[in-house]
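Notes to accompany the following structure.
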Amino acid sequence: MPAFRWYILAMTGNWGALQMQQVARGFLAYEITGSFAALGFLELANSMPRVVLALYGGVLADRLSRRAIIQTGQALVAVFAAVIAVLLFTDNLKFEHLIFATIAQGIVNSFVLPARQSMIPEIVGVNRVMNAFALNVFVLNVVRLAAPALAGVLIAVAGPSWVFALMAVMNVLAVLALFPVPITNARTRAALANGGSTEAPAAPTKKDRAGLRAMAETLAYLKTEHVLIWLLLIHGLSSTLSLPYQRLLPGFVREVLSTDADQAAVRIGLLLTMTAVGALVGSLLIASLPSRRQGKLLIASMVIFGVALMAFSASEVLWLSMAIVLVLGVGQAGRQSLVNIMIQTRVSDAYRGRVSSIMLLDDGVESLGIFGIALLAEVVGPQWALGAVGLALVGMGAFLWAARVIRDLD
Numbered sequence: 071m072p073a074f075r076w077y078i079l080a081m082t083g084n085w086g087a088l089q090m091q092q093v094a095r096g097f098l099a100y101e102i103t104g105s106f107a108a109l110g111f112l113e114l115a116n117s118m119p120r121v122v123l124a125l126y127g128g129v130l131a132d133r134l135s136r137r138a139i140i141q142t143g144q145a146l147v148a149v150f151a152a153v154i155a156v157l158l159f160t161d162n163l164k165f166e167h168l169i170f171a172t173i174a175q176g177i178v179n180s181f182v183l184p185a186r187q188s189m190i191p192e193i194v195g196v197n198r199v200m201n202a203f204a205l206n207v208f209v210l211n212v213v214r215l216a217a218p219a220l221a222g223v224l225i226a227v228a229g230p231s232w233v234f235a236l237m238a239v240m241n242v243l244a245v246l247a248l249f250p251v252p253i254t255n256a257r258t259r260a261a262l263a264n265g266g267s268t269e270a271p272a273a274p275t276k277k278d279r280a281g282l283r284a285m286a287e288t289l290a291y292l293k294t295e296h297v298l299i300w301l302l303l304i305h306g307l308s309s310t311l312s313l314p315y316q317r318l319l320p321g322f323v324r325e326v327l328s329t330d331a332d333q334a335a336v337r338i339g340l341l342l343t344m345t346a347v348g349a350l351v352g353s354l355l356i357a358s359l360p361s362r363r364q365g366k367l368l369i370a371s372m373v374i375f376g377v378a379l380m381a382f383s384a385s386e387v388l389w390l391s392m393a394i395v396l397v398l399g400v401g402q403a404g405r406q407s408l409v410n411i412m413i414q415t416r417v418s419d420a421y422r423g424r425v426s427s428i429m430l431l432d433d434g435v436e437s438l439g440i441f442g443i444a445l446l447a448e449v450v451g452p453q454w455a456l457g458a459v460g461l462a463l464v465g466m467g468a469f470l471w472a473a474r475v476i477r478d479l480d
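Going by this note's numbering, the sequence shown opens with residue 71, and the numbers climb by one from there.
Following this line, the structure appears as structure tokens:
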């Protein structure tokens, strides 16, 4: 499908920039402040705008051209990266600048991410969603093989300014790559769904519906879909417990696995790259499996991630840590792929954008948990904090297995 290939190409540029940003922004924040709390505060700045705006972003994704929303957002993100690059080149960057840029990007993502998530079924059709999402995660993990390591090497050799400059260029290229993807809006999507009729689905897509009413309709819809509620809760809680590994990694590596800043930058990139190798294996496994026993696989993925995270927290040897994060990546890819597949294949297309925005609302709320874990790392150290998080994930998997609601889903 040519449209999906162009979509993947565009997302590759955007994902590459995001993976490089993860290394560079966390590295800068910890080097400027020396604080795990600062890393947690960055996550708050990135995610909290979604708490306020995510549902509105979902409404827009269901009404407007999703391609136009994504392109506009990526163009703005390119501008933010360019501004940070200029501040670095002129030696004027402060932690406050990182916060402001992160908040701005969080606002933009409140609109871009629901459109991006709900655009895949629109391009490939519902029958191909599982394969498309698995391929989506596969390509993401291929990008993660190279982008973090490249960012770490660039920081050590040329400085973080060049990382942000490259990020700006990659986002511009992502905007250009989306132009061949056809534009659709609510009416044309309705035509596809209704066999050619141009009548939009009555409830969610009438132009005169206010945004608040559309969101109320979505919540009413979810009340009738108990499995979706369970899956959204699992998405939020499991992300809260798995994201601290990535968000606190710059400080963890600086304190536990390295002796200086340049060495830390390279090792952060290496660990994220090895995580991506494991995630690549995990996504290939998910893509090769039939659409059965998804609930059991989701629980197993969370437990694998939790056990690996406990082992990683105890390791102080680089080569051992790199081996452990391979396993961690398998669990991470399984959790990310399966929860998205299980949600997107169960939600009505008329509500797909808004349900995707609720997943972003989860992201905003979970940032509070990540900030709390960052404060815990500040008090007891990163090893104890990440070990406790891994144990909590294993406990969550045990609870879901006993509860059977998710375990028995195919």
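Yeah, the Cβ is synthetic: ideal placement off N, Cα and C, and Gly gets one too.
Please determine whether the Cβ atom of residue 187 lies at a distance below 7 Å from any heavy atom of the ligand ADP. This structure does not include the ligand ADP; it has no bound ligands of any sort.
Which runs of the alpha helix (DSSP H), 4 residues or longer, sit entirely within the segment 297–367? 331–358
As a quick exercise: from 383, 181, 469, 416, pick the residue whose alpha carbon is nearest that of residue 373. As a first step, residue 373 must be located in the sequence shown, where it is residue number 303. The shortest Cα separation from residue 373 among 383, 181, 469, 416 belongs to 469.
Cα separation between residue 263 and residue 421? Residue mapping note: residue 263 aligns to position 193 of the sequence shown, counting from 1. Residue mapping note: residue 421 aligns to position 351 of the sequence shown, counting from 1. Any reading at residue 263 must be qualified, since the residue scores a pLDDT of 48, below 50, and its modelled position is unreliable; no value is offered.
Given a cut-off of 8 Å on the beta-carbon distance, is the pair residue 92 and residue 250 in contact? Start at 1 with the first residue of the sequence shown, and residue 92 comes out as number 22. Start at 1 with the first residue of the sequence shown, and residue 250 comes out as number 180. Taking 8 Å as the Cβ cut-off, residue 92 and residue 250 do not qualify as a contacting pair.
Roughly how many angstroms lie between the CA atoms of residue 272 and residue 78, to the nearest whole one? On the sequence shown, residue 272 is found 202 positions in, with the first residue counted as 1. On the sequence shown, residue 78 is found 8 positions in, with the first residue counted as 1. Caution is warranted here: a pLDDT of 43 is assigned to residue 272, below 50, making its placement in the model unreliable, and the coordinate value is therefore given only provisionally. Each residue's Cα considered, the two are about 32 Å apart.
For the segment 175–187 against the segment 320–337, are there 3 or more C-beta pairs whose distance is under 8 Å? no
Could you please give the first and the last residue of the uninterrupted alpha helix (DSSP H) stretch that includes residue 242? Residue numbering aside, residue 242 sits at position 172 when the sequence shown is read from its first letter. 230–247 is the extent of the alpha helix (DSSP H) around residue 242.
I need the straight-line Cα distance from residue 224 to residue 76, nearest angstrom please. Translated into positions along the sequence shown, residue 224 becomes position 154. Translated into positions along the sequence shown, residue 76 becomes position 6. Their Cα atoms are separated by approximately 28 Å.
Using the beta-carbon count (16 or more within 10 Å), is residue 411 buried or exposed? Position 341 of the sequence shown holds residue 411. Buried, since its Cβ has 16 or more Cβ neighbours within 10 Å.
If you draw a straight line from the C-alpha of residue 142 to the C-alpha of residue 175, how long is it? Locating residue 142 in the sequence shown gives position 72, counting from the first residue. Locating residue 175 in the sequence shown gives position 105, counting from the first residue. Approximately 12 Å, taken between the alpha carbons.
Buried versus exposed, by CB contacts within 10 Å (16 or more), residue 383: By 1-based counting over the sequence shown, the position of residue 383 is 313. The residue in question, residue 383, is buried, as its Cβ has 16 or more Cβ neighbours within 10 Å.
From 366, 154, 206, 443, residue whose alpha carbon lies closest to that of residue 114: Counting from one through the sequence shown, the residue named residue 114 turns up at place 44. Residue 443 is the option with its Cα nearest to residue 114.
Anticipated Cβ contact below 8 Å, residue 298 with residue 289, distance rounded: The residue you call residue 298 lines up with position 228 of the sequence shown. The residue you call residue 289 lines up with position 219 of the sequence shown. Going by Cβ atoms, the distance from residue 298 to residue 289 rounds to 11 Å, so no, they are not a contact pair.
Are the beta-carbon atoms belonging to residue 365 and residue 479 less than 8 Å from one another? By one-based count along the sequence shown, residue 365 stands at place 295. By one-based count along the sequence shown, residue 479 stands at place 409. Cβ atoms of residue 365 and residue 479: closer than 8 Å.
Measuring only the C-alpha atoms, how far is residue 212 from residue 349? The count along the sequence shown starts at 1 and reaches residue 212 at position 142. The count along the sequence shown starts at 1 and reaches residue 349 at position 279. Near 9 Å, if we compare the C-alpha coordinates of residue 349 and residue 212.
Hey, is the segment 220–239 in contact with the segment 81–99, meaning 3+ C-beta pairs nearer than 8 Å? yes
Using beta-carbon positions only, say whether residue 404 and residue 356 come within less than 8 Å of one another. Against the sequence shown, residue 404 aligns to sequence position 334. Against the sequence shown, residue 356 aligns to sequence position 286. In this structure, residue 356 lies closer than 8 Å to residue 404 by Cβ.
Since residue 415 is in the alpha helix (DSSP H), which residue starts that stretch and which ends it? Mapped onto the sequence shown, residue 415 falls at position 345. First-last for residue 415: undefined, no H or E at that position.
Could you give the DSSP three-state label for residue 164: helix, strand or coil? Taking the sequence shown and counting its residues from 1, one reaches residue 164 at position 94. Looking at residue 164 - three-state DSSP - the assignment turns out to be coil, as it is neither helix nor strand.
Neighbourhood of residue 252 by C-beta distance below 7 Å, restricted to the same chain and skipping five residues each side: Here residue 252 is taken as the residue at index 182 of the sequence shown, counted from 1. Hits under 7 Å: 73.
So residue 210 packs on residue 178, CB below 8 Å; how close in whole Å? For the purposes of this step, residue 210 is identified with residue 140 of the sequence shown, where counting begins at 1. For the purposes of this step, residue 178 is identified with residue 108 of the sequence shown, where counting begins at 1. Rounded, the Cβ-Cβ distance is 19 Å, inconsistent with contact.
With a threshold of 8 Å on Cβ separation, who are the neighbours of residue 337 within its own chain once the five nearest residues in sequence on each side are excluded? Position 267 of the sequence shown holds residue 337. If we look at residue 337 and ignore the five residues flanking it on each side, its Cβ neighbours are 222, 323, 327, 328, 388.
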